[in-house]
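Numbering (this note's numbering), first residue to last: 1 to 544. Using N, Cα and C, we set each Cβ at its ideal position, and we do this for glycine too. This structure is a prediction, so every number in the text was calculated from the model and none was measured. One structure below.
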Ligand code: GLN
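Right under this line is the structure:
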């Protein structure tokens with residue numbers, strides 16, 4: 001049976017519970033233990049799939065097609081193992097299960113209540129992954145902040161689990177903020193004392209306090225927190241701001257967070273820490289030999305969380321290339337035929353981002369045209385690939401009004417269209433083409449050079465598809481359909497023959513990039529951008 005670690009947050013949101021949970025998991029994994037992480041979110045949406053990126057950042061998709069919180073992306077990037085629907089549960093999903101059971105008459109005439117029915121369902125799901133026999137430790141991150149009304153049933157479920165399990169099988173790590181008052185030149189522990197007290201009032205007592213702080217916490221502060229929060233001083237962990245999230249495991253190692261957790265869980269059978277791949281990565285990340293500028297063309301660029309996995313995939317690919325990837329955010333809404341050259345000048349590569357709806361699509365199409373004509377390395381993801389198809393249809397095939405029916409239902413050339421099975425669907429939640437699908441790759445293609453494999457599997461999240469009615473025209477004009485899903489006869493990858501690096505993919509490769517397995521398209525794209533940057537600077541110096 002697995003042991004359980006719950007991670008709660010106090011004082012404020014955005015303290016980085018996900019990164020702390022992932023860092024702890026990484027250290028435990030590095031000691032040979034089998035670890036997974038799950039997140040329980042207190043909002044009422046069934047999943048974040050229906051939420052706008054401005055509300056919730058990126059929606060992360062798992063192999064089994066679950067639309068989940070972006071923290072699951074961190075879990076996968078850190079641990080290098082896939083997550084699934086079971087790793088992300090929301091209040092909405094809990095209530096949906098309980099209400100469905102009630103309708104089926106499963107409660108046998110009882111009044112259905114938050115305690116015990118909702119809390120029982122939360123507990124059942126919290127313990128589920130631990131019962132598979134696949135893990136030694138299950139870390140559960142509780143979304144929200146202690147004291148929120150909607151977190152109460154989750155905290156109560158944790159209290160009951162802690163009471164039911166042997167003491168050494170369940171511990172609570174509480175992440176809190178130690179603010180620094182500049183005027184007083186002092187770190188303040190009071191908010192932490194209050195948040196721990198609030199947790200205690202709900203019957204949950206933290207075993208370890210992790211303190212987010214901008215300044216080091218000295219021994220006095222550590223002792224004060226320990227005394228008032230009723231933990232031993234060594235269980236007060238300093239979590240200083242790090243230059244990259246990938247350094248947090250190392251910081252937690254210095255604070256011995258892993259050893260304290262292992263001691264409290266009475267686990268003595270662990271290996272010597274091995275983090276060599278992680279450390280190699282960090283070393284490369286910190287010592288880049290050159291910089292490339294990649295334009296990220298999107299409509300949510302002011303909100304970095306909307307493109308979280310893409311940005312992280314570039315960090316992985318940059319380290320692999322010993323190259324700093326400088327992301328230049330370009331708002332697609334403000335790009336037009338007149339200013340495209342000026343907006344995209346100085347870039348060594350162009351990534352056209354995923355997205356939904358018509359805002360900003362003309363700017364994306366202009367950017368693709370610029371990349372195609374100027375032989376600038378191009379990478380289109382999902383909507384980005386669809387925009388590349390539309391650009392080719394309009395400017396190479398000469399079909400002026402070519403479009404996706406998502407943006408223009410009346411176009412005479414619907415080169416991107418809905419699959420028949422999508423036309424019948426009216427519900428918005430969980431109804432896209434979601435999760436892992438196989439893709440077969442053409443030999444002698446850029447995609448084949450990149451993947452070095454004929455059969456791949458990648459994750460999807462979209463409704464619209466390349467319209468095969470026009471495929472022959474595209475192929476005759478020089479577009480290459482280098483990846484296909486055979487079962488559904490769908491084009492998944494497009495490229496251009498007369499271009500050094502031009503690739504559009506209908507799926508989301510960024511979701512599978514991890515520290516230990518950077519995604520090959522990102523790696524090769526950054527390498528193409530490096531080459532472009534060198535040949536461009538040679539050209540400039542030759543003309544001077
Ligand atoms: N809006 C497009 C579709 O649904 C693309 C989606 C995406 O980029 N994830 O097909």
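Query                                                                                                            : Result
Short Cβ contact (8 Å threshold) for residue 289 with residue 323                                                : yes
Which of helix, strand or coil DSSP assigns to residue 550                                                       : Lying before the first or after the last residue shown, residue 550 is absent from the chain, which here runs from 1 to 544.
For residue 433, the three-state DSSP class (helix, strand or coil)                                              : strand
Cβ pair count under 8 Å reaching 3, the stretch 366 to 384 against the stretch 335 to 348                        : yes
Three-state secondary structure assigned by DSSP to residue 59                                                   : coil
Beta-bridge pairing of residue 481 - partner residues as DSSP gives them                                         : 494
Per DSSP, cross-strand counterpart(s) of residue 239                                                             : 212
Contact between the stretch 174 to 186 and the stretch 202 to 213 (3+ Cβ pairs under 8 Å)                        : yes
Residue environment, residue 506, which counts as buried when at least 16 other CB atoms sit within 10 Å         : buried
For residue 377 and residue 306, the rounded distance between their alpha carbons                                : 23 Å
Beta-bridge pairing of residue 417 - partner residues as DSSP gives them                                         : 465
Backbone CA spacing between residue 494 and residue 257 [nearest angstrom]                                       : 47 Å
Residue from 508, 476 and 434 whose Cα sits closest to the Cα of residue 66                                      : 434
Residue from 133, 104 and 97 whose Cα sits closest to the Cα of residue 120                                      : 97
Residue 459 beta carbon less than 8 Å from that of residue 418                                                   : no
Residue 133, DSSP secondary structure in three states                                                            : coil
Of the listed residues 144, 237 and 463, nearest to residue 405 (C-alpha basis)                                  : 463
Every unbroken beta strand (DSSP E) within the stretch 173 to 223, with a cutoff of 3 residues, ordered by chain : 208 to 213
Contact test: residue 421 Cβ vs the ligand GLN heavy atom, cutoff 7 Å                                            : no
CB contact flag (residue 156, residue 202, <8 Å)                                                                 : yes
Residues sharing a beta bridge with residue 457, DSSP                                                            : 438
DSSP state of residue 404 mapped onto helix, strand, coil                                                        : strand
CB contact flag (residue 88, residue 69, <8 Å)                                                                   : yes
Reduced DSSP category for residue 568 - H, G, I as helix; E, B as strand; rest coil                              : Shown here, the chain extends from 1 to 544; a query on residue 568 therefore has no answer.
Endpoints, the alpha helix (DSSP H) within which residue 99 is located                                           : 91 to 103
The stretch 134 to 151 touching the stretch 31 to 42, judged by at least three CB pairs closer than 8 Å          : yes
Opening and closing residue of the beta strand (DSSP E) in which residue 41 lies                                 : 35 to 41
Heavy atom of the ligand GLN within 7 Å of residue 356 beta-carbon                                               : yes
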